[in-house]
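What follows is one structure encoded as structure tokens, with my remarks underneath.
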Amino acid sequence: MMMKSYQISYKTKKQDIRFTGLTESKGGSIFYMFNNVPKCWICNSPADSREHKIKKADIIRVYGKGSSFHKKDLHYCRHDGQIVSLRGPDSKDIKFDRVICRKCNNERTQPFDRAYDAFIEHIESNRDLILRHRQIDFQNVYGNNWENLQLNLFRYFAKMLGCRIADFGEKVPMDLKNLLFSVPFKTMLWVCMAVNEDELKMPLADQTMLWTGNLITNKPRITYPKYAASCSYKWLFISFWYGWGPFGSVGSQWCADSQYLYLGTYTKASDKIILSNGSEWPGFL
Ligand SMILES: [Zn+2]
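First residue of the sequence shown? That's 0 in numbering that gives the first Met the number 0, and the numbers climb one at a time after it.
Written as structure tokens, this is what we have:
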């Protein structure tokens with residue numbers, strides 16, 4: 000996984016993520032097209048569905064829906080730097096372009112979404128214990144079926160990264176597609192989780208950050224594409240590493256292969272990392 004030299008790097012537009020609590024970024028406007036019809040990156044059918052960049056269930060859990068959502072008057076920092084007022088948790092501003100088909104989004108990957116929802120519910124109801132131990136035990140999250148369900152959680156993150164890459168206009172690596180529906184699999188993807196210490200310092204009521212970060216990739220390329228991305232649910236910082244990293248104290252490397260996740264420590268300041276070849280990691284924030 001770790002490679003000796005890195006081509007650092009092209010990164011999508013930098014954002015001030017603390018502006019509104021909800022933010023995103025995106026680097027490209029071309030997406031995976033064939034005969035001018037966007038194709039689902041998973042199954043190659045016409046892409047007629049738009050996946051949420053920030054999960055709808057998370058938005059509702061944190062900000063409510065209907066009148067309760069509107070009372071919050073949420074503003075959202077888009078990839079182009081524009082601040083928009085969110086009309087609801089289904090706003091098109093918080094969805095990817097059409098990079099996936101309805102069947103894949105609503106049916107084939109539903110078990111992955113459910114595994115993620117159960118995971119976040121566990122994080123919410125066991126917050127203090129998790130923060131004290133700085134680890135997550137999948138058996139506590141999922142019970143006896145934890146091996147299968149932590150695999151589905153990993154697939155959820157692979158799906159999110161795949162959508163980000165496709166939304167950026169690039170071809171999603173084959174191993175990310177394959178791992179969604181086959182076992183065993185080989186992949187270059189690691190997922191890491193950390194406590195965002197900056198967020199944790201906020202008053203509890205203000206710990207409401209939902210965030211999807213920049214897609215970081217190596218350009219110009221002399222070798223294979225590498226990607227990194229991140230998202231946050233309140234104080235939980237989740238990073239994705241494809242073909243490089245992880246860099247920094249972002250938590251143990253997880254590849255759907257263990258019962259325990261050991262949480263790292265993440266701060267905006269700790270995002271400044273000099274790599275072994277002397278180049279600076281552009282950072283997630
Ligand atoms: Zn599909």
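Each residue gets a CB set at the ideal place from its N, CA and C atoms; glycine is no exception.
Keep in mind it's a predicted model, so treat the numbers as computed, not measured.
Rounded C-beta distance between residue i and residue j? I'm assuming under 8 Å.
i	j	result
Leu150	Ala255	5 Å
Ala46	Ile93	Not quite, the Cβ-Cβ distance comes to about 18 Å (not below 8 Å), so this is no contact.
Lys55	Asp89	7 Å
Phe137	Trp145	4 Å
Taking the C-alpha atoms as reference points, what is the distance between residue i and residue j?
i	j	result
Gly142	Arg220	44 Å
Ser124	Thr222	44 Å
Glu169	Lys225	11 Å
Phe236	Ser229	7 Å
Gly87	His51	12 Å
Asn276	Trp240	18 Å
His121	Ser238	19 Å
Phe180	Arg113	16 Å
Cys39	Leu152	21 Å
Met187	Arg60	32 Å
Glu279	Ile272	6 Å
Leu178	Tyr115	16 Å
Arg131	Phe167	38 Å
Ile82	Leu209	15 Å
Asp270	Gly161	23 Å
Gly250	Val194	9 Å
Ile119	Arg163	21 Å
Ala165	Ala227	14 Å
Lys70	Pro183	47 Å
Tyr62	Leu203	14 Å
Pro37	Lys200	43 Å
Val140	Gln252	18 Å
Phe283	Thr264	14 Å
Ser24	Lys91	At Ser24, the pLDDT of 42 sits below 50, so the modelled position is not reliable; the number obtained from the coordinates is stated separately. Between Ser24 and Lys91, the C-alpha separation is close to 14 Å.
Leu274	Pro172	24 Å
Asp57	Glu106	19 Å
Arg154	Asp72	33 Å
Thr216	Ala268	21 Å
Which partner residues of residue i appear in the DSSP bridge assignment?
i	result
Met192	Ile237
Val83	Tyr75
Pro110	Beta-bridge pairing links Pro110 to no other residue.
Gln134	Tyr261
Trp253	Val190
Ile273	Glu279
His51	Lys94
Pro45	Lys38
Ile99	Ser48
Thinking C-beta only, is residue j closer than 8 Å to residue i?
i	j	result
Ile206	Lys233	Residue identity differs from the one stated: residue 206 is Gln in this sequence, not Ile. Contact: yes.
His74	Ser84	yes
Phe111	Lys176	no
Thr108	Asp197	no
Gln134	Leu262	yes
Trp189	Pro281	no
Cys103	Cys191	no
Arg49	Asp96	yes
Is residue i near ligand 3 - that is, is its Cβ less than 7 Å away from at least one heavy atom of it?
i	result
Asp57	Absence of ligand 3 is noted for the structure shown, with ligand 1 being the only ligands found.
(message) Just to be sure I understand the criterion: a residue counts if its Cβ is closer than 5 Å to at least one heavy atom of ligand 1. Which residues meet that?
(response) Cys39, Ile41, Cys42, Ser44, Cys100, Cys103
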